[in-house]
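Structure first, then comments.
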Amino acid sequence: MTFANEFAGKHVLITGGIGFIGSNLAIRLAGLGAKVLVVDSMIPDYGGNLFNLAPVKDQITINISDVREIHAMHYLVQDQDILFNLAGQVSHTDSMTDPFTDLEINARAQLAIAEACRRFNPSIRIVHTSTRQQYGRPMYLPVDEKHLVHPTDVNGIHKAAGEMYFMVYNAVYGLKATSLRLTNTYGPRQIIKNNRHGFMGWFIRKVLLGEEILLYGGGEQLRDLCFVDDAVDALLMTAMSDAAVGQIFNVGGLRPISLKEIADILIQLSGKGSCRVEPFPADLKPIDIGDFYADYSKIKGALGWEPKVDVREGLARTLAYYQQNLDYYL
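Residue 332 is where the sequence shown ends in the working numbering, and the numbering goes up by one at each step.
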């Protein structure tokens, strides 16, 4: 979509905006003429990377601040037309080893943001991002928004709570909020320096360095992948639509694909790397969700969004980006 004049001159706040999805969104919005304020805590290993914003560093405003700083958020939400709320702790394993930090960022800070908007900018349009992880192990496939929320880890619990704060503030106080449950988003500017931010970034790192991808449980687990440009389209379309207010939408991929097929495509495209299968480690097996792919028909029906970028094309574009900029991400 072109979004020709919808965002020109709009004051837009992006929390988590120096991270993966937030930086891609900021670059798109700057190109659309929006007045972009990016807020990020730059906590080490959480994904913030100033190089992500290099293409638009002179077109946007950057504020290094933590969403847990309540008084800072009171100030930052003022006079903004749109809030894209992407700040969060996304590591499932970190949430199990340090659950209280996950609680602070993914639940308490989200309530503070909702309260800041209610008190200091009640007309702001809020697009909140959540995760498919809150569904837990699927009871049926594809998973739609009516599926029971029963997380398998602390991260999923806190993400579900964070989402519900915005839905309650929408229903009770009239805040214009929408939540998008993202599946496995991938693409340029994704963190690849550790394996705590999902398997895609780690797979990409392994093939770029000519190393071995380790697949647990046979590698036949199915996932749906959403290229970051498609995810950004979903964010922008949601912000534009009154029909999205008060709604929760899945943002999924074109088709289910096995982890083994993803690894094979990456190895083929890069000409490097290898793949080995092992049983699940004891500490990871309890939080594995098995197969997962989302039903995105609700957002397609309401907003006309659907993913466009095929996995092979998206992976080729991702590899090309890192091959050109690898030193900034290792």
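We put the CB at the ideal spot given by N, CA and C, even for glycine.
Just to confirm before moving on: does the CB-CB distance between Arg-139 and Thr-154 stay below 8 Å?
yes
Whose C-beta lies closer than 7 Å to the C-beta of Lys-31 among residues of the same chain, with five residues either side of it excluded?
Lys is not the amino acid found at residue 31; the sequence shown has Leu there. Closer than 7 Å at Cβ, skipping near neighbours: Phe-9, Val-14, Val-38.
Here's a check: name, in chain order, each residue in its chain whose Cβ is nearer than 7 Å to the Cβ of Thr-95, leaving out the five neighbours to either side.
Arg-198
Those runs of the alpha helix (DSSP H) which lie wholly inside the region 202-260 and span at least 4 residues:
230-242
For Asp-83, which residues in the same chain have their Cβ closer than 8 Å to its Cβ, ignoring the five residues on either side in sequence?
Lys-12, His-13, Val-14, Ile-126, Arg-127
C-beta atoms of Gly-164 and Ala-74 nearer than 8 Å
no
Three or more C-beta pairs below 8 Å linking the region 234-245 and the region 288-306
yes
Using only CA atoms, which one of Leu-321, Thr-180, Glu-117, Gln-112 lies nearest to Gln-80?
Glu-117
Consider the C-beta atom of Leu-321 and the heavy atoms of the ligand ATP; say whether any pair is separated by less than 7 Å.
As far as ligands go, the structure on display features none, and thus does not contain the ligand ATP.
Taking the beta strand (DSSP E) that Ala-284 falls in, what are its first and last residues?
No beta strand (DSSP E) holds Ala-284; DSSP gives it neither H nor E.
Thinking Phe-22 and Gly-49 are a contact (beta carbons under 8 Å), I'd like their distance in whole angstroms, please.
6 Å
Pull up the DSSP beta-bridge partners for Asp-42, would you.
Ile-66
Alpha carbon of Lys-262 to alpha carbon of Gln-223, nearest angstrom
8 Å
The region 308-315 in contact with the region 216-232 per 3-pair CB rule at 8 Å:
yes
Which residues mark the beginning and the end of the alpha helix (DSSP H) in which Thr-320 is found?
313-327
Going by DSSP in three states, Glu-308 sits in which element: helix, strand or coil?
Coil, per DSSP.
Boundaries of the beta strand (DSSP E) in which Leu-105 is found, first to last residue
Unbroken run through Leu-105 is the alpha helix (DSSP H), 101-105; no beta strand (DSSP E).
Going along the chain, which residues of its own chain have a beta-carbon closer than 7 Å to the beta-carbon of Thr-187, five neighbours each way excluded?
The residues are Ile-23, Cys-228, Val-230, Ala-233.
Residue(s) in a DSSP beta bridge with Phe-86:
Ile-16, Val-129
In whole angstroms, what separates the C-alpha of Tyr-77 from that of Ser-97?
29 Å
Which same chain residues, not among the five before or five after Ile-301, have their C-beta less than 7 Å away from its C-beta?
Ala-236, Phe-251, Asn-252, Val-253, Trp-307
Out of Arg-207, Asn-157, Glu-147, state which residue places its alpha-carbon closest to the alpha-carbon of Ser-181.
Checked all of Arg-207, Asn-157, Glu-147; the closest Cα to Ser-181 is Glu-147.
Which of the three DSSP states is assigned to Ser-181 in this structure?
strand
Beta-carbon proximity list for Ser-132, same chain, < 6 Å, skipping 5 on both sides
Lys-161, Glu-165, Ser-181, Arg-183
Name the two residues that bound the continuous alpha helix (DSSP H) containing Glu-165.
Here the alpha helix (DSSP H) through Glu-165 covers 156-175.
So, at 7 Å on beta carbons, what are the nonlocal neighbours of Gln-54 in its own chain, with the 5 sequence-adjacent residues on each side left out?
According to the sequence as given, residue 54 is Asn; it is not Gln. Same-chain partners within the cutoff: Ile-20, Ser-25, Arg-191.
By DSSP, does Thr-187 sit in helix, in strand, or in coil?
Thr-187 falls in the strand class under three-state DSSP.
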